[in-house]
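Take the sequence shown: its position 56, counting from 1, is numbered 60 in this note's numbering, and each next residue is one higher. We put the CB at the ideal spot given by N, CA and C, even for glycine.
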Amino acid sequence: MKGLLLAGALACASASVSASVTAPEPAASGLAAAALADGRRIVDAAAQPAAAWTGPRTGPPAAPGKQLAVVNEDLRNGGILSVNDGVLEAARVVGWKVKVYDSGGTPDGRRRRLAEALDSHPDGLVLVGGDAHALRPWLQPFADRRIPVVGWHVAAKAGPVPGTPVAMNVSTDPLDVARVTALAAIVQSGGHAGVVIFTDTNYELPRAKADAMAAVVRACGGCTLLDVQDIAISRNAELMPAATSALLARHGRRWTHALAINDIYFDYAAPVLTQAGVPNNGLSMLSAGDGSESAFLRIRAGTFQTATVAEPLNLHGWQLVDEMNRLFAGERVTGYVYPVHLVTAANIGADGGDRLHFDPANGYRDVYRRIWKRP
């Protein structure tokens, strides 16, 4: 029965998901062999190189002379920094000016930076990280002035964010991301993972990811959800070392897999594991986003981390500019969602992995240039 539950939980994960994880053969007990085999097929579907471009191919030419305000949740976060860089790269192509703001991951910082962005009289606002619903009071003045707003990872689903001024939340499907991450751990363990999940309940998106990962783990009859740790992303450097030590003391060898909603948790957990004498293969770390440089380095070196759902961060920056350009032209957003991609040691050299990030070799830059009528 538990095997059937797992299969049902995993059926929600998109068949377009792509990744590969080296794993032991399924154990005879604790998880139905058929369900584990189904899970392995979903995971193995992703280590393929990036598929051909499936996003938009037509749209309005680039609007001239625009200025964007880009308000970042926290530029210490590698994923946010990479999306910001993608926006800057695309904005140079269309000839727009950009003012960059860093909220520093604090409530006061968010309010201040959004107020400063509004005072700069931008033509459009780009939010990189944060929570659109929590920020609604400070986003409403932009809507009142008819300043279009797009965001990245500002809600639990990609697309327009109902009840807020955000016309498009650019993201991979966060629930697919989470399910595939948890599934990869189950496949690695042959259905006997002892899991700790790290999340940040200050935001809707991390909560949704953590809940989805937990559901998959609970549906695995031979797996154990040992703990769910709520640690603010902005306080990782401060809190993760002690939390990791406490988890090692509490769970010992029962803790076999760490799942996190972002790679940054492992930046501060890995040194503690090394200091505690845990061998590199003694605990497997898998992240449901975003594919940071440090994550690529750990996977390449075989240092604890075995997988990350690496989002196409630079591509997402270009998509944000394209969605904004469509709003400037009075058109609808595309709603495009890039398929989930899990990076492992087996596929890390492809699609930008040699440069320590996931940058799909599918020609997206050329496609957008043609849409925008830019050389």
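In the three-state DSSP reduction, residue 306 falls in the coil class, being neither helix nor strand.
In the DSSP annotation of this structure, the continuous segment of the alpha helix (DSSP H) that includes residue 376 starts and ends at 368-376.
Judged by their CB atoms, residue 60 and residue 328 are not nearer to each other than the 8 Å cut-off. Excluding residues up to 5 positions away in sequence, 75, 105 and 107 lie with their Cβ nearer than 6 Å to the Cβ of residue 117 in the same chain.
Rounded to the nearest angstrom, the Cβ distance from residue 176 to residue 344 is 5 Å, consistent with a contact under 8 Å. Residue 127 and residue 100 have their C-alpha atoms some 10 Å from each other. Of all C-beta pairs linking the segment 179-198 to the segment 206-215, three or more are shorter than 8 Å, placing the two stretches in contact. CA-CA distance, residue 316 to residue 364, rounds to 7 Å. Across the structure, residue 293 and residue 264 are spaced so that their CA atoms are roughly 8 Å apart. Partner residues in a beta bridge of residue 137, as assigned by DSSP, do not exist. Sequence-distant Cβ neighbours of residue 165 in its own chain, meaning closer than 6 Å and more than five residues away, are 136, 159 and 173.
Around the C-beta of residue 260, 16 or more other C-beta atoms lie within 10 Å, and the residue is accordingly described as buried.
Along the segment 246-306, the beta strand (DSSP E) occurs as fully enclosed runs of 3 or more residues at 261-264 and 288-291, listed in sequence order. Under the DSSP assignment, residue 234 falls in the beta strand (DSSP E) whose first and last residues are 228-234. Under the DSSP assignment, residue 84 falls in the alpha helix (DSSP H) whose first and last residues are 82-98. Taking C-beta separations shorter than 8 Å and ignoring five residues to either side along the sequence, the partners of residue 103 in its chain run 71, 72, 73, 74, 121, 124 and 126, following chain order. Secondary structure note for residue 352: it is in no alpha helix (DSSP H), with a DSSP letter that is neither H nor E. Separation of residue 112 and residue 218 (C-alpha to C-alpha, rounded to the nearest whole angstrom) is 32 Å.
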